[in-house]
Every structure is written in structure tokens, then in C-alpha cells.
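Asks:
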Amino acid sequence: MKELIALMKKLNIAETESKASMLQQYMDHVLEWNKKVNLTAITDRNAFVQKHFIDSLLCAETLEFTASSLICDVGTGGGFPGVPLAVCYPEKEFILVDSLDKRIRIVNQMCEEIGIANVTAVHGRAEELARKKEYREQFDLCVSRAVANMRVLSEYCLPFVRPGGNFIAYKGADCESEIGDARKAIQLLGGDSVEIRKLPHLDHSLILVSKTGYTPDAYPRKAGTPARKPL
């Protein structure tokens, strides 16, 4: 956890030790639940800290994250990146979305037991939730570490983002061609500028998409269609 605590201090996160303790408890809970339900493929604790905690905090230095109060995490799985961000930034509110109900119930239970009060995990497919008025274009920021092509991920995520908000996708280092292929879809969904922020020492990139327009009513398309027929 030393590397995580060092990063938290670098990010000027207050009450670093107590928040690191909460994240330690969350890891303990996830690994215990993982014996029954698939929450993560990463069971080595050092790798868990790197891949789930440190990686989740990669967006915290961006102006897009700093300026956001209401944040949606699409395809959260075991609660990443949403839960680590929520623990470190309790003044922000997080809605975590996943299509597997069992996973969502476990994430909510773990957060309640640990005392993470600014997280609400919601069950549903992104294509369906983004059509509900309580979620559609309501968020300052949408983040996602989901494994999906950027054309697909943009249709999942941009409908949640209000005009003037942003979408951040966590990607590998080599993502230029994928972003090039997705630019037309991003514009169609109300997105505007796209910035690739490479993190070469971690072999990662953050894709930052600003949203300036409204998403047309036709999007997202019905569940399953974005993955089968990407824009």
C-alpha cells in the first residue's frame, strides 16, 4: 500500500491514512466475496493495489475530474474506478452502473459496511439506464474502464453526460487507431474534442472527450445493438 499512499499524498488527498485504510478494507471484502462471485481476476494483493486502486486514480489529476461533482462509472464490475475515487473524494457523488445485479448488490453492501456514503451502485444495462430521465445527460463526468471498443463505449457513456460535461475512458497505450475510428460516433453522440493523454510509464492512456451538444433521441440504441453494430 506504500505506493498507493504516496500517490494519494501526491494528489493532495486529505486524511490519507484513514482513506487508505478504507481501501484496504474494500480490497479485503472484494477478495472474500470473490471466492463466491466473480468480482475480479486479480487476487494477488500487490497487483490488486496497482491495477484496481492506483489505476483507478489515474484520472484524478485531470481538470475534467476536478471540476465534476456528479460522476457516473459505467461497467463498474467490482467497483472500479468508482469506489477508489469515491473514497478519496468524498465531496463528490458517484453512481456506479453494471449489468450484473448480483455484483451491484455486493458493491452496495461492501460500501455500506465500510461506510462509503457517496456511492450508489445501480443495476441495469447502460443502453437502458441512459434513456431514463433521472440518468440521461445528468452527469458532469462519465468514467469507464470497461473493455469495449471506443465506438461502442461512447454510445454507452456519452448519453449519461450533460452538455458541457466530459467522458473519460481508460485505455491501453496503443489506442490512436481506435480513437480515429470512433471520432464520427463521438460527434454523432454530442461529443466534441478528443484528447489522448498517454501515461507511458504505466502503459496506459486516458481518452478525454468533451461533450458540447445533446445526444440525439435515437441513442443509445436498444440493448445489445451498440456491441453488435458499432456506430
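Read in order, the letters of the sequence shown are residues -18 to 212 in my numbering.
Built from N, CA and C at the ideal position, the CB exists for glycine as well.
1. Pull up the distance between the alpha-carbon of D155 and that of D9, whole angstroms please.
2. Quick check: is the beta carbon of E93 nearer than 8 Å to any beta carbon in chain B?
3. Assign K0 to buried or exposed, taking buried as 16 or more other Cβ atoms, counted over all protein chains shown, within 10 Å of its Cβ.
4. With 16 as the cutoff for other CB atoms within 10 Å, does V64 come out buried or exposed?
5. For V100 versus F141, is the C-beta distance shorter than 8 Å?
6. Could you check if K114 is buried or exposed, using at least 16 other CB atoms within 10 Å of its CB as the buried criterion?
7. In three-state terms, what does DSSP make of P65?
8. Provide the residue span of the beta strand (DSSP E) that contains Y151, from first to last.
9. Is L39 closer than 8 Å to T57 when the C-beta atoms are compared?
10. Whole angstroms are fine: how far does the CA of D162 sit from the CA of D231?
11. In this structure, what does DSSP give as the bridge partners for A111?
12. By DSSP, does S158 sit in helix, in strand, or in coil?
13. Would the beta-carbon of L187 fall within 8 Å of that of Y137?
14. What residue range does the beta strand (DSSP E) around A213 cover?
15. Indicate the three-state DSSP secondary structure (helix, strand or coil) for R126 in the structure shown.
Replies: With the structure as the only source:
1. 33 Å
2. Of the protein chains in the structure, only one exists, and it is not chain B.
3. buried
4. buried
5. no
6. exposed
7. helix
8. V142 to G153
9. no
10. Past the edges of the chain, shown from -18 to 212, lies residue 231, and the structure says nothing about it.
11. DSSP lists no partner for A111.
12. helix
13. no
14. Residue 213 is absent from the model: the chain starts at -18 and stops at 212.
15. coil
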